[in-house]
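Novice: Going by the numbering used here, the first residue of the sequence shown is number 121, and it counts up by one from there. Where a beta carbon is used, it is the ideal one built from N, C-alpha and C, also for glycine. One structure follows; several queries about it will come next.
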Amino acid sequence: MKTLIIIDVQNDFMPGGPLEVPRGNMIVPVINKVQSYFDLVVATQDWHPKNHKSFASSHFGKKPFDRIVLNGVNQTLWPDHCIQGSPGAELYQDIESNRIAAIFRKGMDPEVDSYSGFYDNNRQLSTGLSGYLKDKGISEVHFCGLAADICVYYSILDSILEGFYATLIEDASSPLFPDKFDDIKCELAKLGVHIITSSDLHPK
Ligand SMILES: [Zn+2]
């Protein structure tokens, strides 16, 4: 079963949002186009309580992009984003959602961030995504969404650890820090991840 996982295509990550990803809106037509090529489409949604410890605003004297150690794990501090129930946490208005069978929310524990759609950054709490996919007999997953170098990247790493074959659709994903993305792509390729563009995919 061909499976597409759409990571965090949410308003706050779009240009003009508090944690905007360059070209974040440009990938949306590509994601919408390729959805019909897949048998199963699922999505993730960053979904933080308003006092989340990944927010710089939760730490006196800290500012966004400062780095701290949070409960033993390195943590970049972010602008407030994707607060549960807020308009910024909604899936982006232009993303076609009719074919999304399930949405896995993450980052709900205020004490730990969750870049990956599978596990939190401490690798303690599972979202259930791995079990959901395995229950459906899926062994291979394609990734797209935001941000390519953070939540998509960590989701791919966890998917490998969970035994899935992973593919990144590069033009359906965009990095927060484009300068460092070539290094990440090299690392993923060495781990056996296929990196393709949407033109490599074909309708069913
Ligand atoms: Zn977040």
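When you compare the CB positions of Ser-250 and Phe-263, do they come within less than 9 angstroms of one another, or not?
Specialist: Locating residue 250 in the sequence shown gives position 130, counting from the first residue. Locating residue 263 in the sequence shown gives position 143, counting from the first residue. Not a contact, by the Cβ cut-off of 9 angstroms.
Novice: Can you check DSSP and say which residues form a bridge with Arg-225?
Specialist: To locate residue 225, count along the sequence shown from 1; it is residue 105. Looking at the DSSP assignment, Arg-225 forms a beta bridge with Gln-165.
Novice: In the DSSP assignment, what residue or residues form a beta bridge with Gly-265?
Specialist: On the sequence shown, residue 265 is found 145 positions in, with the first residue counted as 1. According to DSSP, which records beta bridges pairwise, Gly-265 is partnered with Ile-127 and Ser-293.
Novice: Residues around ligand 1, please: the ones whose beta-carbon is closer than 7 angstroms to some heavy atom of it, in chain order.
Specialist: Ordered along the chain, the selected set is Asp-166, His-168, Ser-174, Trp-198, His-201, Cys-202, Gly-227 and Asp-233.
Novice: Rounded to whole angstroms, what is the Cα-Cα separation between Val-162 and Asp-255?
Specialist: Numbered from its first residue, the sequence shown carries residue 162 at position 42. Numbered from its first residue, the sequence shown carries residue 255 at position 135. The alpha-carbon atoms of Val-162 and Asp-255 are separated by roughly 14 angstroms.
Novice: Just to confirm, is the Cβ distance from His-201 to Asp-132 under 9 angstroms?
Specialist: On the sequence shown, position 81 is the one that residue 201 refers to. On the sequence shown, position 12 is the one that residue 132 refers to. Yes. Within cutoff.
Novice: Identify whether Tyr-239 lies in helix, strand or coil by the three-state DSSP scheme.
Specialist: Taking the first residue of the sequence shown as 1, we reach residue 239 at position 119. Looking at Tyr-239 - three-state DSSP - the assignment turns out to be strand.
Novice: Please name the residue, chosen from Asn-152, Ser-156 and Lys-182, that lies closest to Tyr-212 on a Cα-to-Cα basis.
Specialist: Within the sequence shown, the letter at position 92 stands for residue 212. Comparing Cα positions, the closest option is Asn-152.
Novice: What's the gap between the Cα of Phe-158 and the Cα of Lys-324?
Specialist: Residue 158 sits at position 38 when you count from the first residue of the sequence shown. Residue 324 sits at position 204 when you count from the first residue of the sequence shown. Taking the straight line from one Cα to the other gives about 7 angstroms.
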